[in-house]
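One structure below.
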Amino acid sequence: MGTEAAWQETITSGRFSGKTVIVTGAGSGIGQATALRVAKEGGKVIAADISKERLDTLVAENTGLDLVPVAGDISTEETVAAVVAAAGGRVDALANVAGIMDKFAPIHEVDDETWDRVFRINVTALMRLTRAVVPLMVDAGTGSVVNITSEAGLRGSAAGAAYTASKHAVVGLTKNSAVMYGPKGLRFNAV
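This is the structure we're talking about:
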């Protein structure tokens, strides 16, 4: 104990050179880490987040990286259109990271507002953005979509009813899309 080396990020220079990658939830957490890694490895990142302030900070603290911020509610068609427009007609990869948690409530305590909000962000937003970029990927004959899910997408005891059901939906959409678009050269994975 105590002799383990501290983890260090290893950048693979040029891995994403010439690639355009959309990352949702890019203002913090896993989304921010994903956006920064892709940009540090040479990619153009369309960084989407509900918080303009967090995106402004991300860009200001990482000058020299190709980060294109798009602030807005990713569950709306307007924000989806803005994100796709910012990509400029090419999307090599999509990382659907944005998501929200519920209050660990069992189904008899879940109100409609919570259910709708969790599904709108965790499932509907992911579906709408994926639906918007898949035609670009199909035309290119290649593309990768990574959907962030959770342990809650695999079992029933990791979170509340709304979050658990939403993450099961993400796993189902990912599996279905992999089957439907794999023959067209697209990859879909859930992490």
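If you count by this note's numbering, then the sequence shown holds residues -3 to 187, one letter each, in order.
No residue lacks a Cβ here, since even glycine has one placed at the ideal position from N, Cα and C.
| Under the DSSP definition of a beta bridge, which residues are partnered with F115? | Answer by DSSP bridge pairing: none, since F115 is not bridged.
| First through last residue of the alpha helix (DSSP H) which encompasses I144 | Careful: I144 lies outside any alpha helix (DSSP H) and carries neither H nor E.
| request: Would you tell me roughly how many angstroms separate the C-alpha atoms of S162 and V114, rounded to the nearest one? | output: 7 Å
| field | Distance, T110 Cα to V141 Cα | value | 27 Å
| field | Exposed unless 16 or more other CB atoms sit within 10 angstroms - verdict on K188 | value | Limits of the chain in this structure are -3 at one end and 187 at the other, which puts residue 188 out of reach.
| Counting only runs that start and end within the region 67 to 143, where is the alpha helix (DSSP H) found for 4 or more residues in a row? | 73 to 83, 108 to 115 and 121 to 136
| message | Could you tell me the alpha carbon to alpha carbon distance between A82 and V187, rounded to whole angstroms? | response | 25 Å
| request: List the residues that DSSP assigns as beta-bridge partners of V175. | output: For V175, which the question treats as bridged, DSSP gives no partner whatsoever.
| How is L54 classed by DSSP in three states: helix, strand or coil? | helix
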